[in-house]
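Numbering (my numbering), first residue to last: 7 to 125. Right, one structure below, let's go through it.
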């Protein structure tokens with residue numbers, strides 16, 4: 007992707023961030039995806055936006071400090087289907103990080119039913 011297409015995508019992302027207040031991040035639970043979700047969520051908190059991250063199994067023990075950073079910054083961690091479903095009325099935008107393969111996204115069917123397939 008380059009040129010006008012790239013610029014158009016950037017403009018859409020900026021507009022989404024400006025217009026929406028409550029974001030839900032999800033993605034494959036690998037270092038790149040977790041880093042992307044955390045950095046975007048922290049950035050949005052600096053803008054007084056709300057952010058939640060889907061982390062079904064948490065993180066490895068050596069990364070527990072990252073959970074503490076999220077909690078300190080009031081970024082909600084969702085670990086169950088029910089927690090995701092309970093966010094249905096408050097989420098304005100879902101951001102799937104670092105994967106195009108929905109099979110790698112924890113609880114994708116719940117996310118799809120709760121948010122993406124709404125009329």
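For glycine and all other residues, C-beta sits at the position ideal for the given N, C-alpha and C. Owing to the predicted nature of the structure, the values given are computational and were not obtained by experimental measurement.
For residue i, the three-state DSSP class (helix, strand or coil)
i: residue 64; result: coil
i: residue 15; result: helix
i: residue 121; result: helix
Cβ-based neighbour list, residue i, same chain, cut-off 8 Å, excluding 5 preceding and 5 following
i: residue 121; result: 30, 94, 97, 100
i: residue 22; result: 99
Separation of residue j from residue i, as counted between CA atoms
i: residue 52; j: residue 123; result: 30 Å
i: residue 89; j: residue 28; result: 15 Å
i: residue 57; j: residue 81; result: 5 Å
i: residue 59; j: residue 119; result: 17 Å
i: residue 67; j: residue 10; result: 43 Å
i: residue 79; j: residue 109; result: 29 Å
Counted within 10 angstroms of its Cβ, other Cβ atoms place residue i as buried (16 or more) or exposed
i: residue 49; result: exposed
i: residue 41; result: exposed
Same chain, Cβ closer than 7 Å to residue i, five either side skipped, listed in chain order
i: residue 113; result: 60, 62, 87, 90
i: residue 116; result: 87, 90, 91
Give the list of continuous beta strand (DSSP E) stretches no shorter than 3 residues that lie fully inside the stretch 49-109.
56-60, 82-84, 99-103
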